[in-house]
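Colleague: Residue numbers for the sequence shown follow the UniProt record's numbering, beginning at 1 and rising by one. C-beta atoms are modelled at their ideal positions from N, C-alpha and C, and glycine is treated no differently.
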Amino acid sequence: MAQGKNKVKAKLPANAKHKTTKTNKQNSAFQKRKNAPAKQKLKDKQKIQLAITKSVNQKNEEEMKSRALSHQTNLSVAQKAVAKHHDKKGAQSSSKANEMQTDS
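1) According to DSSP, is A68 helix, strand or coil?
2) Would you mind giving the Cβ-Cβ distance between A68 and L75, rounded to the nearest angstrom? I have them listed as a contact below 8 Å.
3) Any idea what DSSP makes of K89, helix, strand or coil?
4) How big is the Cα-Cα spacing for F30 and K54?
5) To the nearest angstrom, report how far apart V56 and D87 are at their CA atoms.
6) For Q92, which residues in the same chain have their Cβ closer than 7 Å to its Cβ, ignoring the five residues on either side in sequence?
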C-alpha cells in the first residue's frame, strides 16, 4: 500500500501572469528581416569611437614615453667611465672591421 499523500501537479496562483502567444508573423503588415543590414548611424558611431580610441591611445603612449625619458637616472662618475670605456671599445672594433672590409 502507498504510504503518504499522492503527488499532485503544482498549480500556478490565480494572479500569476501567463505567457502571451506569438502572433502570426505572416499576417502582420511589416516583417523584420533576420539578416537586416547594419544601420548607417551605427556604422558612423563605431567609426568615431574607433578614431577617438586610437587618438587617446596615441596621446597616452607619447605621454608615457616622455615621462620615461624625463625620469632617466643619472649615472655616477664610475658608471659614466665604464660606459665611456665600452663606447670607445665598440668604436675601435667597428673601425677595425671597416678597415678589413676596405682592404679586401
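Modeller: Straight from the coordinates:
1) On the sequence shown, position 68 is the one that residue 68 refers to. DSSP places A68 in helix when its eight states are reduced to three.
2) By 1-based counting over the sequence shown, the position of residue 68 is 68. By 1-based counting over the sequence shown, the position of residue 75 is 75. About 16 Å separates the two Cβ atoms, so there is no contact after all.
3) As a working note, residue 89 is residue 89 in the sequence shown. Of the three classes helix, strand and coil, the one that applies to K89 here is helix, per DSSP.
4) Counting from one through the sequence shown, the residue named residue 30 turns up at place 30. Counting from one through the sequence shown, the residue named residue 54 turns up at place 54. The alpha-carbon atoms of F30 and K54 are separated by roughly 40 Å.
5) As a working note, residue 56 is residue 56 in the sequence shown. As a working note, residue 87 is residue 87 in the sequence shown. Looking at the two C-alpha atoms, the distance is approximately 39 Å.
6) In the sequence shown, counting from the first residue as 1, residue 92 sits at position 92. Closer than 7 Å at Cβ, skipping near neighbours: no residue.
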